[in-house]
Each structure stands twice: as C-alpha cells, then as structure tokens.
Amino acid sequence: MQELHDAPLAPLTTFRLGGPATRLVTATTDAEVVETVQRADAEGTPLLLIGGGSNLVIGDKGFEGTALRIATTGFALDGTALELAAGEVWTEAVARSTAAGLAGIECLAGIPGSAGATPIQNVGAYGQEVSSVLTEVLAYDRREHRTVTLSGAECAFSYRHSRFKAEPDRHVVLRVRFALADEGGLSAPIRYAETARALGVAAGERAPLEQVRETVLRLRAGKGMVLDPDDHDTWSAGSFFTNPILDEAGFAAFRRRVADRLGADTEPPAYPAGEGRTKTSAAWLIDKAGFTKGYGSGPARISGKHTLALTNRGAATTEDLLALAREVVTGVREAFGITLVNEPVTVGVEL
Ligand SMILES: Cc1cc2nc3c(=O)[nH]c(=O)nc-3n(C[C@H](O)[C@H](O)[C@H](O)COP(=O)(O)OP(=O)(O)OC[C@H]3O[C@@H](n4cnc5c(N)ncnc54)[C@H](O)[C@@H]3O)c2cc1C
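Quick look at the structure:
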C-alpha cells in the first residue's frame, strides 16, 4: 500500500485536471481497500474513490481528505461467469473475455477506466449496458461496516444511473460479477444502427465477436472516444452531458421550440425511454445551439471530433472547463428550454 501526502490528482484523471489530495493511498488488495476506507471513516475524514479517473472533474483546489486509488487486480473466468476485481482495467477485461469467445460486453470495448466503476453509472455504449449482464457486486458497505453482495436488481440500474450514484458515499465496489454467453464465437445481437451498418449486418443480428470489438474501437476512435495521450480530443471524460429524457408534455414543448428555431420540418432525435418518456440527443442539442465541434478559443474546448466531449487542450484548469460547460448549458437552455445535466462526477466543484 502506497501513501503520499499533498499529492497531485490531475495525473490520475483523463482530463488531467484537479488539485492535490491531502493523502493519496494506492491499494492493491481488497483488504487494503477496506482498511483504508475504515481508517478514513474512523477518523471522520472525507474519502474520494478513484479508479481510472475517466469520469471525474476534480476542483483546482483539490481534495481535503483521503483519495483512495483502487488498483486491485483479478480476472477470473469460470465457464461463462466472469469476476473482475474493481481495479482491473475495463478495456483489457473486455479484450480478454472477447478473446475467450464470450459475448455480452464486446460493444463496451474502449470505455476507459476500471471494472469497479462500471456499475456506478451503469456504463453503456453502442447498444449495450453493464446492467444487462451484471449479476452481482461485492462491495464494502460503509454504513453497515461490512462486505455485502448486491444482486443486479439491488443495484437499481437505469440509464447512466444506479443505487451507487443515488447513495454516493455508501458502497465501495470490490468485485463485479457478470454472466456472459457462449454464442459459438458470435456477439450478442447488434442493437445499434451505426454498429450494424459498419459490420454489414441487420440490426438484431449477431457478428463475429472480435470483429464487433474492433469495429466498436474504430468507431469510437473516430469520435475521440478511445484514450490517446497524444490527442487532446481524448483529454476528456467522454460524454460530458447525459441525454435528456423528457415526459410527453416536455417533449411536445421541446418540439415546438425546435420548429420555431430550426423550421417546422426539423424533427429532433427521439428514442423511446419507457412509458410516456422520450430520450433525445445531448450532442444534437449542443450542436444545434451553435456549439459545434472544436468550439471555444481558450484552453478548454469542445472536442474536434464529438460535440458531447469537453476537452482540456493542455493548459486548462478545472475552472476553464466549468466555464465552458456552463456556457453550453446556458446556450442549450436558451435555445431549447432543456437543462443539460453533467455525466461525470464533480469533486469540490459544481456546474
Ligand atoms: C474518452 C472517454 C470515453 C468514454 N466513453 C464512455 C462510454 O462510452 N460510456 C460510458 O458509460 N462512459 C464512458 N466514459 C466515462 C468513463 O469511462 C466511465 O464512466 C468509467 O466507468 C469510469 O471509470 P473510472 O474507473 O475511470 O472511474 P473514476 O473516474 O475513477 O470514478 C468515477 C466515479 O466512480 C467512483 N468509483 C470509482 N471506483 C469505484 C469503486 N471501486 N467503488 C465505488 N465507487 C467507485 C468514483 O468515486 C467516482 O464517483 C468515457 C470516458 C472517456 C474519458
């Protein structure tokens, strides 16, 4: 277990932003994770859990308390059951399970960060979400002071949300378990139109697993959604805003705003999101409000490859990033009456 004091957190985040932590502990076993959490809780000092730092916006002042970097390892396949230690690198776990011929997470290739963080916001991309294959989460419960096993249902997953987000300071994920499927080398049915097109299959059909993983990686790379230290378009947290979900009245009002602003024949993107609810596209809203790819002249700008990613061009501060985020939120609200919500977790700052 490594312990540093007044340690910079920026290098631990994909934004490369954020001031120092009073104490930075790196834990490589579950026991070290639990010990560090118990110590911080006993002292009454704030605790910040860090996996790959790919969904974190840490304030320039840093974090007064214990930052715990979870660097545990463990990849265990038993038939089609996969157990990952929280610190396992997600992209590598996807590559290994795909190479083992197992389907269920191949479309989640290229998502940065740790396995332990995947249940937090129910990571998803290209038609898959971890919630559809996750069976159990082994976690340390800071309220009950013991290790607990939560079923998928107990994790209360929804779009980019879970019980862990609803109760942010309660559970420390130690291990995540998945039920993958052996489809004879084929993927799960391809649900996302863009992926199906790129693979040359109809939506709902399967394709060879490795081809699906590579296709997703290629599509993602074209949008700056695969980490590349030399490409500032990837110095981000991926999507900075979630896609808004509107009720019937909200969607009708939104359509009227779109017609007023862009013409009566412009239909906004609309996807069913449960009874009476419609999901629209945050990227579309941002673009149509005038924040196009590459927008900005300062050290924080919209990615040149994707309107939904806010990026650090190298010399940004967290305040620069937040100023840009607020400008986008205000612009979209003024244009369409919708208030975008940030997807990454903010630490010591707010939008
Ligand atoms: C280029 C890029 C592309 C992305 N694409 C996608 C995408 O397609 N889909 C998607 O869903 N996300 C995407 N993301 C966001 C991000 O990769 C995911 O949310 C990822 O799961 C975060 O993992 P992490 O280990 O980096 O978490 P961190 O950023 O380290 O932490 C995120 C949150 O989880 C908490 N946390 C971390 N580990 C644990 C643990 N073991 N127990 C309890 N809490 C914990 C942290 O305290 C924090 O609140 C992208 C990010 C980037 C930079």
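Residue numbers for the sequence shown follow UniProt numbering, so the first one is 1 and each next one is one higher.
Glycine residues also receive a C-beta, built at the ideal position from the N, C-alpha and C atoms.
> In the DSSP assignment, what residue or residues form a beta bridge with GLY124?
Replying inline: Paired residue(s): GLU129.
>> Measuring CB atoms only, is the segment 290 to 298 touching the segment 251 to 258, in the sense that at least three cross pairs come out at less than 8 Å?
In response: Fewer than three pairs of CB atoms, one per stretch, sit closer than 8 Å, so the segment 290 to 298 makes no contact with the segment 251 to 258.
> Assuming LEU17 and ASN312 make a contact with CB atoms under 8 Å, what is their CB distance in whole Å?
Replying inline: Between LEU17 and ASN312, the beta carbon gap of about 6 Å places them in contact (Cβ cut-off 8 Å).
> Apart from the five residues just before and just after ALA207, which ones in its own chain have a Cβ nearer than 7 Å to its Cβ?
Replying inline: For ALA207, where only same-chain residues beyond five positions count, the Cβ hits under 7 Å are LEU186, SER187, ILE190, LEU199 and VAL201.
> Which residue comes first and which comes last in the alpha helix (DSSP H) that contains SER97?
Replying inline: Looking at the DSSP string, the run of the alpha helix (DSSP H) that includes SER97 is 90 to 99.
>> I'd like to know whether the C-beta atoms of ARG74 and GLU88 end up nearer to each other than 8 Å.
In response: This sequence places Gly at residue 74; Arg is not what is there. Going by C-beta atoms, GLY74 is nearer than 8 Å to GLU88.
> In three-state terms, what does DSSP make of THR346?
Replying inline: Looking at THR346 - three-state DSSP - the assignment turns out to be strand.
> Short check: CB of LEU108 to CB of VAL123, under 8 Å?
Replying inline: Cβ distance < 8 Å, so LEU108 and VAL123 count as in contact.
>> Quick check: does the Cβ of GLY18 come within less than 7 Å of any heavy atom belonging to ligand 1?
In response: No; taking the cut-off as 7 Å, the Cβ of GLY18 has no heavy atom of ligand 1 nearer than that.
> Buried or exposed: ASP320, going by 16 or more other Cβ atoms within 10 Å of its Cβ?
Replying inline: Looking at its Cβ environment, which holds 16 or more other Cβ atoms inside 10 Å, ASP320 is buried.
>> Pull the bridge partners of HIS5 from the DSSP assignment, please.
In response: DSSP output for HIS5 lists ARG23 as bridge partner(s).
> Hey, out of TYR126, ARG218 and VAL133, whose CA is closest to GLU83's CA?
Replying inline: Looking at the Cα atoms, VAL133 is the closest of the given residues.
> Which same chain residues, not among the five before or five after ARG170, have their C-beta less than 7 Å away from its C-beta?
Replying inline: Closer than 7 Å at the Cβ level, and outside the excluded window around ARG170, lie ASP141, ARG142 and ARG143.
> Which of the three DSSP states, helix, strand or coil, is assigned to LYS165?
Replying inline: Reduced to three states, the DSSP call for LYS165 is helix.
> Can you name the start and end residues of the beta strand (DSSP E) that GLY65 belongs to?
Replying inline: DSSP places GLY65 in the uninterrupted beta strand (DSSP E) bounded by 63 to 70.
>> Below 8 Å, how does it come out for the segment 323 to 338 and the segment 67 to 81: are there three or more Cβ pairs, yes or no?
In response: Fewer than three pairs of CB atoms, one per stretch, sit closer than 8 Å, so the segment 323 to 338 makes no contact with the segment 67 to 81.
> How about ALA153 and ALA166: do their beta carbons lie closer than 8 Å?
Replying inline: No, the Cβ-Cβ distance between ALA153 and ALA166 is not below 8 Å.
> Closer than 7 Å: is that where the CB of SER114 sits relative to any heavy atom of ligand 1?
Replying inline: Checking every heavy atom of ligand 1 against the Cβ of SER114, one is found closer than 7 Å.
> Of the choices PHE15, SER158 and SER162, whose alpha-carbon is the least far from that of GLY59?
Replying inline: Shortest Cα-Cα distance from GLY59 to any of PHE15, SER158 and SER162 involves PHE15.
>> Using only the alpha-carbon positions, how far apart do SER151 and VAL33 sit?
In response: When rounded, the distance between both Cα atoms is 21 Å.
> Can you give the Cα-Cα distance for GLY304 and ARG255, rounded to whole angstroms?
Replying inline: Answer to the nearest angstrom: the Cα atoms are 28 Å apart.
>> Measuring alpha carbon to alpha carbon, tell me which residue in ARG213, PRO272, THR280 and PHE240 is nearest VAL258.
In response: For the residues ARG213, PRO272, THR280 and PHE240, the minimum Cα distance to VAL258 belongs to THR280.
>> I'd like the span of the alpha helix (DSSP H) that includes PHE157, first residue to last.
In response: PHE157 -> no alpha helix (DSSP H), and no H or E assigned at all.
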